[in-house]
Amino acid sequence: MAAKVKKHLMILNQQGITNEDRLYVLFRKIWMQLVAYPEKCQFYMQYYYSPYYKKYSEQDHLTLWMPALEQVKTLFRPGTDVRATLHSVLNMMLSQAIKAAVDASEDKDSIARNNYAMILGMLSSSLLDE
179 MAAKVKKHLM ILNQQGITNE DRLYVLFRKI WMQLVAYPEK CQFYMQYYYS
229 PYYKKYSEQD HLTLWMPALE QVKTLFRPGT DVRATLHSVL NMMLSQAIKA
279 AVDASEDKDS IARNNYAMIL GMLSSSLLDE
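The numbering used here puts the first residue of the sequence shown at 179, with every later residue one more than the last.
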């Protein structure tokens with residue numbers, strides 16, 4: 179998953195669009211990947227909260243994600259705990275992707291739009307002004 183996310187981070191350097199638009203493009207790319215593999219979402223949710231992850235994998239995981247974290251950090255105000263913020267965003271996206279996969283009665287685009295609106299609301303006080 180990290181490699182796929184890193185591939186899409188180039189949108190953060192695109193000129194002529196707002197941070198909100200950059201984030202939406204990034205969200206959509208990641209979202210499409212998550213809803214395509216709900217079983218992986220379930221695994222990630224369980225794994226990230228397991229004692230095994232904390233004991234054996236957390237440091238390697240942080241090392242793997244550090245370049246992406248540094249790149250995304252440029253969108254946030256100084257003093258923002260970007261790691262914790264992005265962890266919350268990932269949690270929200272994973273849980274909503276699982277919901278989209280198992281709840282056939284709900285429109286997946288509607289779930290995506292609502293999820294993005296929640297994420298943007300959560301991030302709005304931490305994002306740099308343009």
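Each residue gets a CB set at the ideal place from its N, CA and C atoms; glycine is no exception.
On a predicted model such as this, the values are computed, not experimentally measured, just so you know.
Inset, instruction - Pick helix, strand or coil for Leu-306, following the three-state DSSP scheme. - result: Coil, per DSSP.
Inset, instruction - Give me the Cα-Cα distance between Pro-216 and Gln-193, rounded to the nearest whole angstrom. - result: Taken atom to atom, the span from the alpha-carbon of Pro-216 to that of Gln-193 is near 33 Å.
Inset, instruction - Out of Ala-180, Met-179, Ala-181, Tyr-202, point me to the one whose CA is closest to Met-189's CA. - result: It should be noted that the sequence gives Ile, not Met, for residue 189. Among Ala-180, Met-179, Ala-181, Tyr-202, the Cα nearest to that of Ile-189 is on Tyr-202.
Inset, instruction - Can you check DSSP and say which residues form a bridge with Phe-205? - result: Note: Phe-205 sits in no beta bridge, so no partner.
Inset, instruction - Starting from Phe-254, follow its DSSP beta bridges and name the residues at the other end. - result: Leu-305
Legend entry - Beta-carbon gap between Trp-243 and Ala-180 smaller than 7 Å: yes
Legend entry - Leu-212 and Met-271 closer than 7 Å at C-beta: yes
Legend entry - Short Cβ contact (7 Å threshold) for Val-260 with Ile-297: no
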